[in-house]
Ligand code: SF4
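Numbering (my numbering), first residue to last: 96 to 556.
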């Protein structure tokens, strides 16, 4: 059991209550440890992917494009160009002689064929190695076609997924400041860090609309190039997934003086607090906004709370493991599970910072295992050792849960159920309930053996 943890990673694991909190994080993954983390390119791709009327061209071997093809639900209310994955399909010959000509030809052909509002060109590992000048090709094609053609410097090997987020933010930042902002309300926001995986951004926009707040740009769920071009006209940036889009909020604050606040739309308290925080920001300009925010929360809770109680009855005391991309989401999940009477015993993330983990440790129960940049071996060890009933994660954690015979809830790219907002909390409770209480887990050999041992113990007494 013990050998499931690499010596080199011991300082990236902490059990709350066991000594002072110290957790190493935000460093390169251990070579050979098969980290759950994605590469820099993938980090950029997942952030920019939902911009639905842009062309997304992956400059690299076909595998990089396939790896991220249709990677998120990211629903669109209009165009769906984002769902096509284009690649320059670099071959051995291109690696030797360079891929710039191929890139230019691909861009010109695709822009002519699909008429996108902008094009993002992602640099992958091999492009960094052979030294193609992606920026120069983009400049050339932008001049010829008249649309923004934006290089995303996301060579996979140059850091961890977090650097991909930065590259995506830099790419989007080049679009801001170029659209007309004359008709934007002074009570207006941009929603940053929601990717509309299952229609959540429509739920959140509706709450803000009922409060009298205009949403200028969704960054990036159901995103549009023209909205991002005028995003600098909004009065406030509301940042959810801080790891992915905080860089952009900071750049916009520096250049346009737009303040930002952090928000989370998961769970009851965090959803309500996010609406109140926006109302608080605008209350001097719009004295009635706080009352309207409270009205939205009252209306939604009157529907939600009576239904939540039914699920809690069965879930009380069950144990949960959480492994997510950014640590900020974990805070909200821990609070949401408390509403369902469930106990989080393991929590970790791919890209958490020191501050994130300190905050996480402060809200976790004693004995909770906190892990940074984990791998399947470690996660499996803890899921078994802590006898977890439900694992919450994404596409790479799903097989771990299923192989160990544990209920699973997808809270990442592939989910089909809206889990944000008040209505999302109800969907979340329903999904957690269905998975954690399924009778199938009784037949998992590990659980059968545990049940037999328990019965034998009782008999002996
Ligand atoms: S960019 Fe590099 S690490 Fe990322 S998918 Fe492509 S080859 Fe793999």
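By construction, the Cβ of each residue, glycine as well, lies at the ideal position given by its N, Cα and C atoms.
Check, Outcome
"So, under 8 angstroms CB-CB, residue 391 and residue 305 are touching, yes? Tell me the CB distance rounded to an integer number of Å.", "5 angstroms"
"Would you be able to state if there are at least three C-beta pairs under 8 angstroms between the segment 338-354 and the segment 261-269?", "yes"
"How long is the line joining the alpha carbons of residue 110 and residue 499, rounded to whole angstroms?", "22 angstroms"
"In chain order, what residues of the same chain lie with their CB nearer than 6 angstroms to the CB of residue 240, ignoring the 5 residues before and after it?", "206"
"For residue 157, which of 100, 182, 287, 508 has the nearest alpha-carbon?", "182"
"Here's the rule I'm using: 16 or more other beta-carbon atoms within 10 Å means buried, otherwise exposed. How should residue 186 be labelled?", "exposed"
"When you measure from the CB of residue 136 to every non-hydrogen atom of ligand 1, does any distance come out below 7 angstroms?", "yes"
"Our contact map puts residue 418 next to residue 492 with C-beta atoms below 8 angstroms; I'd like the distance itself, whole angstroms only.", "5 angstroms"
"Starting from residue 110, follow its DSSP beta bridges and name the residues at the other end.", "464"
"At the level of alpha carbons, what is the spacing between residue 503 and residue 528?", "10 angstroms"
"Under three-state DSSP, which class holds residue 357?", "strand"
"Just reading off the beta strand (DSSP E) that residue 289 is part of, what are its end residues?", "283-289"
"Let me make sure I understand the geometry here. Which of 221, 353, 252, 294 has the alpha-carbon closest to that of residue 285?", "353"
"Have a look at the DSSP bridge pairing and note the partners of residue 310.", "284"
"Hey, would you say the C-beta of residue 251 is under 7 angstroms away from at least one heavy atom of ligand 1?", "yes"
"By DSSP, does residue 527 sit in helix, in strand, or in coil?", "helix"
"Do residue 136 and residue 453 come within 8 angstroms of each other at the CB atom, strictly closer than that value?", "no"
"How should residue 168 be labelled, buried or exposed, when 16 other C-beta atoms within 10 angstroms of its C-beta is the threshold for buried?", "buried"
"Which residue comes first and which comes last in the beta strand (DSSP E) that contains residue 438?", "438-444"
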